[in-house]
Amino acid sequence: MPDRLYLSYTLANFGPMSMADHFAVLVSQFPVSRLAKGESVLRVYPLSFDQTPILERPFLAPVDDEAFHEAAREFARDDHALEFETFWDLWQHDGTDWHVLPSRVRLIGYGPEFETTEAGEHLAIEFGLEAQFLPD
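Here my numbering is used: the first residue of the sequence shown is 3, the next is one more, and so on.
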C-alpha cells in the first residue's frame, strides 16, 4: 500500500498574525500547474480537519496573490488551518512511458492551536500518494 508524501515546516516567530503571510508566500512560490483545467480552492478549517470548512473559495489560474492573501489574512486565527488545494505539473508513469500531467496537491498553514497530527508544524505540503512518483 503506497504512503502519502508530506513536507512540513516549523518556523521561528510563528503566530496567527504571521500565519497568513507565511502561507501566502508558500502559495505564491509553489509551481501551480499550467496544464490543469480545474480550479484551485482555499478552505479554512476551525479546530480540526474533522470540522466543516467555514470558507471554501475557488481561485482560477493564475492565482491573484493579493486577493488570496486578503482572504487568508481575514480567516487566520490561532485555532484555524488554511488549506489551498491545487494542482502541479508532475512527471508520472502510465505503465509504458512518462508524461507530464497535473497532479493534486494540498498546501496547509496551521494555527498554533489547531489540532494537527505532527507536533509543532506550521506549514505543510501534501504531495499525494508515492505511487505517483514511482513506477511499479
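We put the CB at the ideal spot given by N, CA and C, even for glycine.
Candidates 33, 93 and 111: which alpha carbon is nearest residue 103's?
When only C-alpha atoms are compared, the closest one is 93.
In angstroms with no decimal places, state the Cα-to-Cα distance between residue 155 and residue 63.
Nothing can be reported for residue 155: it is not among the residues displayed for the chain, which extend from 3 to 138.
In three-state DSSP terms, what is residue 28?
helix
Could you spell out where the beta strand (DSSP E) holding residue 106 opens and where it closes?
Residue 106 -> beta strand (DSSP E) spans 100 to 112.
Just verifying my parser: in three-state terms, what is the DSSP assignment at residue 77?
helix
I'd like to confirm the pairing. Which residues does DSSP put opposite residue 33 in its beta bridges?
Its beta-bridge partners do not exist; DSSP assigns none.
Measure the CB-CB distance between residue 83 and residue 54 and report whether it falls below 9 Å.
no
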